[in-house]
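Chemist: Note that the working numbering gives residue 114 to position 103 of the sequence shown, counting from 1, and the numbers run on in steps of one. Got a structure for you, written out below as structure tokens; questions coming shortly.
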Amino acid sequence: AQPRSVVVSHIVAVVVAVLVDYLTDQHLGLIPQWLAVSLAPALLAAVVSYMGTIHPPAGACAVLYIMGDEQVKNLGWLFLAVPVLLDVALVTFMALCINNLSKARAYPLYW
């Protein structure tokens, strides 16, 4: 995946997951928890498809937040910065290093 897809998809994943979590039984009570677990990645897939930045592992990020215990949910919007953006930066840096070891490869093709 290109860096733009990785970064944008994970940011959107956290935004969607936190917003869907606000709609659950624990906050507003509009939707049950079991529905939120399927709704978050479905909404994420629709949004990133529309944006043209599809990166399927970001769906797992949304599910991890929705299904997370109190330690994860207490992070709220901080979940975007601490584990997610830090991990995305690390993964993108490693991809840049590994994919550019060979002169026959060029990564990224676009940002």
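Built from N, CA and C at the ideal position, the CB exists for glycine as well.
Tell me, please, whether the region 87-100 touches the region 20-27 by the rule of three or more beta-carbon pairs shorter than 8 angstroms.
Modeler: Result yes; three or more Cβ-Cβ pairs closer than 8 angstroms.
Chemist: Could you give the DSSP three-state label for T64: helix, strand or coil?
Modeler: Residue state, collapsed to three classes: coil.
Chemist: Tell me, please, whether the region 79-86 touches the region 50-63 by the rule of three or more beta-carbon pairs shorter than 8 angstroms.
Modeler: No contact exists between the region 79-86 and the region 50-63.
Chemist: Less than 7 angstroms between the beta carbons of I42 and L34, yes or no?
Modeler: Contact flag set, yes.
Chemist: Closer than 6 angstroms: is that where the CB of W88 sits relative to any heavy atom of the ligand GDP?
Modeler: What this structure holds is no ligand at all, so the ligand GDP is not there to describe.
Chemist: Straight-line CA distance for A47 to N110?
Modeler: Cα to Cα, A47 sits roughly 37 angstroms from N110.
Chemist: Starting from Q82 and walking both ways along the alpha helix (DSSP H), at which residues does that stretch end?
Modeler: Unbroken alpha helix (DSSP H) run through Q82: E81 to K84.
Chemist: CA-CA distance, L54 and A106?
Modeler: Each residue's Cα considered, the two are about 27 angstroms apart.
Chemist: From what residue to what residue does the alpha helix (DSSP H) around S20 run?
Modeler: Start and end: P14 to Y33.
Chemist: How close, in whole Å, do the beta carbons of L72 and H38 come, if the pair is a contact with beta carbons under 8 angstroms?
Modeler: It should be noted that the sequence gives Cys, not Leu, for residue 72. Contact doesn't hold; Cβ gap of about 20 angstroms is too wide.
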